Every structure is written in C-alpha cells, then in structure tokens.
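Here the structure is laid out as structure tokens; the discussion comes afterwards.
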Amino acid sequence: MDRLPCVLLSTTTDLRGLFGAALAAIADRVEILDHPAEDPERVRLALGWRPPADALQRYPNLAALCSIAAGVDNLLACPGRPPDLPVVRVVDPDQARAMSGFVLWHVIGHQRRFQAYAENQRDRVWRRLYPRDASAVPVGLLGYGKIGRRVAADLAALGFPVRAWSRTAQNPDPGVTHHHGPDGLAAMLGESEVLVNLLPLTPETRGILDARLLSRLRPGGYLIQVGRGEHLVEADLLACLESGHLAGAALDVFATEPLPPSHPFWDRPAIRITPHEACEASPQAVARTLLAAAEAVREGRVPPDTVDAARGY
Ligand code: NDP
C-alpha cells in the first residue's frame, strides 16, 4: 500500500524528537517528512503545533491537519489555513486520566490544606488543622467534554459535590450535576468553591475567567486553570487573591509561555505554577490519531476527531 506523505510543522516543538519512535511504528502507512518538504504537491497530511506562518499554503493538496494535543486553538488560528481543511485533535483516555490526577491533586490539596502544612513545616510548627470533609467542598467544572467528564466522575467518586457546565445540555454521569448556558453558569458558580477550567479556547471563551466570573465563586474559592492561558484575565485573578475572595490558584497554562521571570504570578505564595504539563497526549496516541486520519483520507472520509472549525473546538 502507498504511504501517505505527512509533513511535520512546528515553530516551537521538535516533533521528530518527541514523536519519532511512535511515528516509526506507523511508517509502513505514513511517510514522515520535515518542513519544507520537497515536492510539496505530494503532501496530504500535516502534523502540527504552532506551525510556521506561511507553511500551510506551501502544501496545496493537504487533506487534514492533525494536532499533537487535545486543543486545536493554535492550529485554527494559523494564518493561511484553508477554511475547509479538516483539523483533527487527539482524544486520548490516558490523557484524560492524567489530567484527572493533576486536578484531583490540587482539589485535595485545597481541601486538606497542604499549603498550610507546608508553611507550618517550614516554621517547625506542629498544628492539627482539622480539614473539611470532601462533601463540604463543592467543585465546579467549566467544560464537560472528553477530559472534563473524566475529571468530574473521579471527583464525584471521592465524595466532592460536582457541578459541570458546558454549552449544550448533556446527560451527566452519576454524582455530577450538569448545567448549560448563561443561567446554568450563574447557578454553577454560586454553588462552587473550587473552579476547574477545562474549556477549549474559542472566541466565546477567551477572557472568560474575569473578575465578574471569579467573584461569583464562594468566598475563599480556589481556581484550577488547566484550559488555555488566554481564558484568564490575569490582573483580575491577582485582584481576587489580593481581596481574599480567592484563597489560591493552581495555574498550568499562561497567556505567555514560558511565563516570563518578571511575571507577578511567580511571587505569590497562593499561586501554584506548573509549566503547561497537566497532561499530554502520549506519542502513541498522536501516532494513532495520525494513522486514523491517513486511513480516512485514503478512503475519502472525514478523519475521526475532526473539530468543528466554526465552533472552535
Ligand atoms: P472537548 O472538546 O471534548 O470538550 C470541550 C467542552 O467545553 C465541552 O463540554 C463543550 O461544551 C465545552 N464548551 C466549549 N465552548 C463552550 C462555551 N462557549 N460555553 C460553555 N461550554 C463550552 O475538549 P477536551 O475535554 O478534550 O479538552 C478541553 C480543553 O482542555 C482543551 O481544549 C485544552 O484547552 C485543555 N487541555 C489542557 C491541557 C493541559 O496540559 N493544560 C491538556 C489537554 C487539554 P459541549 O459539550 O456543549 O459541546
């Protein structure tokens, strides 16, 4: 069988270094090329993360652009992207499980007051803090998609009251209350102490984590921001921490990555920073996604997990 030529496109990431071994396992079906590829008319697939600005126009016969991640915001924003070019994301249950572990760690850390124990240890203070039961710490989730659902179910299994919010009505898993639309958002926020952001970045969700939204959380609230940096109005978070309305925040994604050394977030003990590592799609999942896209292209089908570009996710 012919191998489908696929070009690697990234300005920030060594895709061959990260995914080479996994891509070698599908080399009998997909031919991996570096950009700029010779004979660009042959190229049918692209695997990308922050592609070079002019790259997509170079390959006039592209049939799909595949992400290495669950989010596709940077691919949809790529200049010169043909509007009808299918953009494919990774859907990986192992990645959702890894995200769940990350979120649970922070939710439990807030509930069990790990930060206070760390400070007491630093000061050699032995003091019991009598943390609250999980049932007393309601958690709200923005986004109830492939990853949000996994996180919500795992939180509910540990006894946290869980409310999830998304754009459309959904049938929630046991232990999860679901809300949708603007009224649903207000209802969910007012009942939540911890807020987890698992939304995709779209024109509708950009800047959604602002003072108006954060101030609706219960006093002493905690933000876990694992969506995209541009969801958050950074000055508004700092003001909510300053006023004491929020007790803290765990931030994994930032408007500017890497987070510059001069950024005020670094100096806030109430902020936990991780470098966009809450979870990643495995190289095997990326290769599986690419192979499925190649097979669909060969058979003239729309690749699985193609996003709705107009909707933005
Ligand atoms: P999905 O596309 O499966 O789910 C997206 C969810 O967001 C859906 O429930 C959707 O609603 C909801 N949504 C989208 N737009 C709106 C809106 N305007 N108002 C309300 N709800 C909305 O995505 P995933 O669960 O796979 O991933 C979610 C995001 O997590 C990714 O896009 C990425 O930004 C982030 N992420 C971050 C990682 C990290 O390491 N920090 C790793 C992986 C992902 P509906 O169900 O109604 O369509």
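Sequential numbering of the sequence shown, starting at 826, is according to my numbering.
The beta-carbon is built from N, C-alpha and C at its ideal position, and this holds for glycine as well.
Note that this is a predicted model, so its numbers are computed, not measured.
Handout entry: Any non-hydrogen atom of the ligand NDP within 6 Å of residue 972 CB
Key = Residue 972: yes, Cβ under 6 Å from the ligand NDP.
Problem - residue 991: CB within 6 Å of a non-hydrogen atom of the ligand NDP - result: yes
Practice task
Return yes when at least one heavy atom of the ligand NDP lies under 6 Å from the C-beta of residue 1025, else no.
Solution key: yes
Exercise for the section: May I ask which residues mark the beginning and end of the alpha helix (DSSP H) holding residue 979? Expected result: 971-982
Practice task
Check residue 960 in the structure and name its three-state DSSP category.
Solution key: helix
Problem - Beta-carbon proximity check, residue 891 vs residue 1114, cutoff 7 Å - result: In contact: residue 891 and residue 1114 (Cβ atoms closer than 7 Å).
Handout entry: Simplified DSSP state of residue 886, which is helix, strand or coil
Key = coil
Problem - Contact test: residue 1104 Cβ vs the ligand NDP heavy atom, cutoff 6 Å - result: yes
Problem - Any C-beta of chain D under 7 Å from that of residue 868 - result: No chain D appears in this structure, which consists of one protein chain only.
Problem - Helix, strand or coil at residue 946 [DSSP, three-state] - result: helix
Practice task
Quick one: measure Cβ to Cβ for residue 840 and residue 872, integer angstroms, because I've assumed they're closer than 8 Å.
Solution key: 6 Å
Practice task
May I ask whether a heavy atom of the ligand NDP can be found less than 6 Å away from the beta carbon of residue 1030?
Solution key: Under cutoff, so the answer is yes.
Handout entry: Euclidean distance between Cα positions of residue 827 and residue 899
Key = 30 Å
Exercise for the section: Give the DSSP bridge partners of residue 967, in chain order. Expected result: 990, 1022
Exercise for the section: With hydrogens ignored, establish whether the beta-carbon of residue 1074 is closer than 6 Å to any heavy atom of the ligand NDP. Expected result: no
Exercise for the section: Please indicate yes or no: does the CB of residue 1113 lie closer than 6 Å to some heavy atom of the ligand MN? Expected result: Judged by which ligands are present, the ligand MN is missing from the structure shown, whose ligands are the ligand NDP.
Problem - Check: residue 965 C-beta below 6 Å from any heavy atom of the ligand NDP - result: no
Problem - Check: residue 1078 C-beta below 6 Å from any heavy atom of the ligand NDP - result: yes
Practice task
Output the distance between the C-alpha atoms of residue 975 and residue 858, rounded to the nearest integer angstrom.
Solution key: Rounded to the nearest angstrom, the gap between the Cα atoms of residue 975 and residue 858 is 35 Å.
Problem - Three-state secondary structure assigned by DSSP to residue 851 - result: Residue 851: coil per DSSP, three-state reduction.
Exercise for the section: Buried or exposed for residue 993, please, with buried defined as at least 16 other CB atoms from any protein chain shown within 10 angstroms of its CB. Expected result: Counting Cβ neighbours within 10 Å, residue 993 comes out exposed, since fewer than 16 surround it.
Practice task
With DSSP as the reference, label residue 1103 as helix, strand or coil.
Solution key: coil
Problem - Unbroken alpha helix (DSSP H) run spanning residue 933, endpoints - result: 918-937
Handout entry: Outcome for residue 936 when other beta-carbon atoms lying within 10 angstroms are tallied against a minimum of 16
Key = buried
Exercise for the section: Please confirm whether any heavy atom of the ligand NDP lies closer than 6 Å to the CB of residue 895. Expected result: yes
Exercise for the section: Please name the residue, chosen from 1006, 894, 1023, that lies closest to residue 977 on a Cα-to-Cα basis. Expected result: When each option's Cα is compared against that of residue 977, the closest is 1023.
Problem - Length of the line joining the Cα atoms of residue 1062 and residue 885 - result: 44 Å
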